[in-house]
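For reference, the structure discussed in these notes is given below.
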Amino acid sequence: MDILSIMRIAFKSLARNKTRTFLTMLGIIIGVGAVITMIAIGQGATKVVNEQISSMGTNVIIVMSNMSNSQSRARQAAGSGNLLDEGDVKAIQEKVDGVLYISPVYSTFGQLKYGSNNWRGSITGVDVDYFLIRDLSLESGQYFYPSEVESGAKVCVIGKTVADNLFVGEDPVGKTMRIRHIPFTIKGVLKSKGASSMGMDQDDIVIAPHTTTVSRLIGQRWKFMTIMVSAVSKERIPMVQEDIMNLLLTRHNGTTRDDFIVRSQTDIAEAASTVSNTLTVLLASIAGISLLVGGIGIMNIMLVSVTERIKEIGIRMAVGASKRDVLLQFIIEAITISLIGGLIGIIMGWSLAVVLGQTMDWSISVTPWSILLAVGFSCAVGIFFGWYPARKAANLNLIDALRYE
Amino acid sequence: MNNNVLISVRGLTKTYQMGEVYVHALRGIDLDIDNGEFVAIMGASGSGKTTFMNLLGCLDKPTSGTYLLDNINVAEMDDQAITQVRNQKIGYVFQAFYLLPRTTALENVELPLLYCRKMHPKERREKALHALEVVGLADRAKHYPNQLSGGQQQRVAIARAIVNDPVFILADEPTGNLDTRTSVEVMELFQQLHSQGKTIVLVTHEFDISRYTLRIITFRDGKVISDIPNEDVHIASEDLKKLPRLDIEEEVS
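Those sequence lines, one after another, are chains B and E.
Counting along the first sequence from 1, when you hit position 357 you're at 341 in the numbering used here, and nothing is skipped either side.
Counting the second sequence from 1 gives a position; the numbering used here is that position plus 138.
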């Protein structure tokens, strides 16, 4: 007997018991749906993290002193958390091969004021190379000049969010706003980098020359410098990292490797993706358990259904169904249940992921491999958990089956 | 030897093992049944008639002996081949009808055709409808078993038995679950099928039912104790006229 006819018989038999079929499917629907949703959330998080890291710029290396290393004698001797100074920036620029751009980075917060408008923003003090490292382009106006950095001019470039909140309906370029009561002239407005979904607004930013930032806003005593470097190429990054580290060790007597952090974008990306991948695996394994439970549900129902249908099996065998026909019928029933359940699960899981993404403002990413995984798994569940009851049905003694009450 | 022999059984035995005890259900049966015969197999409970029916219907295998059906030794066949024999050569009618629940009369009749050679669904439908016509239930094709009376269900089962045009019909207590009038109606149908040339083997313990057949074989303790032609064949259609219609079948639709 050909497979097609057996499939027809199996479908008819499933259609005859719609409630039972649906209840069996429910386990698979929930399992597959959960897998799809969970992986979509996990992958969405990974994608966001990766996007943020790549928005840092290209081939970026960050250099800072390791504040958390309390063992360091050198740190204690220095009396402050900071080991790096402008001399280091100059030295790296001059002595390390493969450095394309370099800029010190100072960060502080301050009240911004224009007219009667107030805004609390973060201020970043940098050199002109910073715009190139971070790939920041202008919407209007211009960057500040190296000469302005040298002279410590009170100028700045602002992000879109700052511009929108302080200068409602006005062009900020050329205007003067006050940062902690100190007047700064706005030279340009940056192009929007978009709001990141991790709650950090990349446009809520004021960029000023580092000289001005240190002397006017932070003060020599409290400055903590990080250095942002961009390497000439991706391949050169490890070498540049190593050279910077060695240079710092020779420049600062009595320091060890633990005192400095020289981290590339790739390092950060890897660390972040380890975290988000762990999250994905965790979510997927929880969902996988529900898929497994769904599979056991199928086996349960199929086993009960074999017992319940012993007489039917007997009748079928009496009128000419072979063991193989019965075996195939039950396996096809199980596979059909898990496949259709899997398809419904994909649709439901996908919809749920989209709805969750919109209501909770999460980033969601339904990947083809998660669908393949879910479908493959539900097929495997169908065959695996359908095979045992099917074999049991096929091996029934005909007379016992017919006489079964 | 008679060329018209359909079933030929020689030295057939069947022994069951029940724990430590061996039960000899059949102790050597020799029997011939010709094409076109209408035979009743009689016997009390434990006489071996049910065991014999199971062997005859290829539902079970004998412990020893030969069973030639249509000149093929069925006793030596493998499972797959016996499945074919059950499907092509034998039509079963059981005491409890054994129709598939939640399945229409038509689909129930189609069942044996589903398991045989490839057949166009339309052809299958036509054959099944024709079989239902023969048993007089063409108008009930779309009804489910629970919408049919006992007699109607048994007639659907008979339609299923004849749909594949088997070489003989094996009926196991076909009237056991039916009242007197309905029983006679079913026997009328069997007599009608017999007159059309069908071979019918009917297992029963009711003498009243065996009177409608042409030959009565009686079993006792696993052996044939008598095998005689029925001298006094009753005609079911005539008996029906004498029977009062006590229970007019409710029309269920």
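Glycine included, each C-beta is placed from N, C-alpha and C at the ideal position.
Query                                                                                                                         : Result
As assigned by DSSP and simplified to three states, the class of Glu154 (chain B)                                             : coil
Integer Cβ distance of Phe235 (chain E) from Ala295 (chain E), believed to fall under 8 Å                                     : 5 Å
Contact list for the stretch 301 to 315 of chain B against chain E, Cβ threshold 7 Å                                          : Ala302, Val303, Gly304, Ala305, Ser306, Lys307, Asp309
Chain E within 8 Å of Leu(-2) (chain B), Cβ atoms only                                                                        : no
Interface residues of the stretch 218 to 234 of chain E facing chain B [CB-CB below 8 Å]                                      : Gln218, Thr221, Gln222, Arg224, Asn225, Gln226, Tyr230, Phe232
Whether Ile20 (chain B) touches Ala364 (chain B) by CB criterion (8 Å)                                                        : no
Leu266 (chain B) at chain E interface by Cβ criterion, 8 Å                                                                    : no
Simplified DSSP state of Ser181 (chain B), which is helix, strand or coil                                                     : Legend: pLDDT at Ser181 (chain B) = 44, less than 50; position of this residue unreliable, no value from coordinates given.
Asp198 (chain E): contacting residues in chain B (beta-carbon distance under 8 Å)                                             : Leu382, Ile383
Start-to-end residues for the alpha helix (DSSP H) that takes in Tyr127 (chain B)                                             : Per DSSP, Tyr127 (chain B) belongs to no alpha helix (DSSP H) and is neither H nor E.
Residue nearest to Gly229 (chain E) in terms of C-alpha spacing, selected from E:Asp310, E:Ala182, E:Tyr160                   : E:Asp310
Same chain only: Cβ atoms within 8 Å of Leu323 (chain B), ignoring 5 sequence neighbours per side                             : Val359, Ser362, Cys363, Gly366
Which of helix, strand or coil DSSP assigns to Trp103 (chain B)                                                               : strand
Top-ranked residue by Cα proximity to Ser217 (chain B), from B:Gln27, B:Asp81, B:Leu312                                       : B:Asp81
Limits of the alpha helix (DSSP H) - the one that Phe235 (chain E) falls within                                               : From DSSP, Phe235 (chain E) is part of no alpha helix (DSSP H); its letter is neither H nor E.
Euclidean distance between Cα positions of Ile191 (chain B) and Gly109 (chain B)                                              : 6 Å
Under 7 Å from the C-beta of Ser(-11) (chain B): neighbouring residues of chain E                                             : Leu252
Residue-chain proximity (Thr241 (chain E), chain B), Cβ-Cβ < 8 Å                                                              : yes
Expected contact under 8 Å - CB spacing of Met22 (chain B) and Ile331 (chain B) to nearest Å                                  : Contact flag wrong, Cβ pair sits at about 16 Å.
Inter-residue Cα distance where the pair is Leu194 (chain E) and Ser335 (chain B)                                             : 60 Å
Three or more C-beta pairs below 8 Å linking the stretch 204 to 218 of chain B and the stretch 145 to 162 of chain B          : no
Beta strand (DSSP E) runs wholly inside the stretch 227 to 270 of chain B, at least 3 long, in chain order                    : 244 to 248
Asp187 (chain B), buried or exposed, once every other Cβ within 10 Å from all chains shown has been counted against 16        : buried
Distance between beta carbons of Ile25 (chain B) and Ser106 (chain B), contact taken as under 8 Å                             : Their Cβ separation, rounded to whole angstroms, is 29 Å, which puts Ser106 (chain B) and Ile25 (chain B) out of contact at 8 Å.
Residue(s) in a DSSP beta bridge with Phe190 (chain E)                                                                        : DSSP, once it has assigned bridges, lists no residue as partnering Phe190 (chain E).
Where Asn192 (chain E) meets chain B, residues with beta-carbon distance less than 8 Å                                        : Ile383
Counted within 10 angstroms of its Cβ, other Cβ atoms place Leu340 (chain E) as buried (16 or more) or exposed                : buried
Beta bridge counterpart(s) of Pro167 (chain B) as assigned by DSSP                                                            : B:Arg162
Reduced DSSP secondary structure (H/G/I, E/B, other) of Ser287 (chain E)                                                      : coil
Arg411 (chain B) and Met229 (chain B) closer than 8 Å at C-beta                                                               : The shown model of chain B, from -15 to 389, leaves out residue 411 (chain B), and the question about it has no answer.
C-beta contact flag for Lys227 (chain E) and Val143 (chain E) at 8 Å                                                          : no
Nonlocal neighbours in the same chain, by C-beta distance under 7 Å from Asp172 (chain E), ignoring five residues either side : Asn140, Asn142, Val143, Leu144
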